[in-house]
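**Student:**
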Amino acid sequence: MMGVKAFGSAAITLAGIEMVHMIRKRQGRFAFNPAPPLKEQFEAIAA
Numbered sequence: 240m241m242g243v244k245a246f247g248s249a250a251i252t253l254a255g256i257e258m259v260h261m262i263r264k265r266q267g268r269f270a271f272n273p274a275p276p277l278k279e280q281f282e283a284i285a286a
């Protein structure tokens, strides 16, 4: 696997990977809708 040269880009990449893992595990907290579509999950976690 290739490394990254800038800390900022590495942090953003890891945050995106973690977000995808949270969506897969359905760890998002959605009180208004217990089963939102993937687009809404992504938007809620990314915000």
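Residue numbers (the numbering used here): 240 to 286.
Backbone N, C-alpha and C fix where the C-beta goes; we use that ideal spot for every residue, glycine too.
This structure is a prediction, so every number in the text was calculated from the model and none was measured.
#1: Look at I262 and I284 and say whether their C-beta atoms are less than 8 Å apart.
#2: Report the three-state DSSP secondary structure of A274 (helix, strand or coil).
#3: Can you list, in chain order, the residues of its chain with a C-beta nearer than 6 Å to that of V243? Leave out the 5 residues immediately preceding and following it.
#4: Among residues of its own chain, excluding the 5 on either side of L277, which ones have a beta-carbon nearer than 8 Å to its beta-carbon?
**Tutor:** With the structure as the only source:
#1: yes
#2: coil
#3: A249
#4: I262
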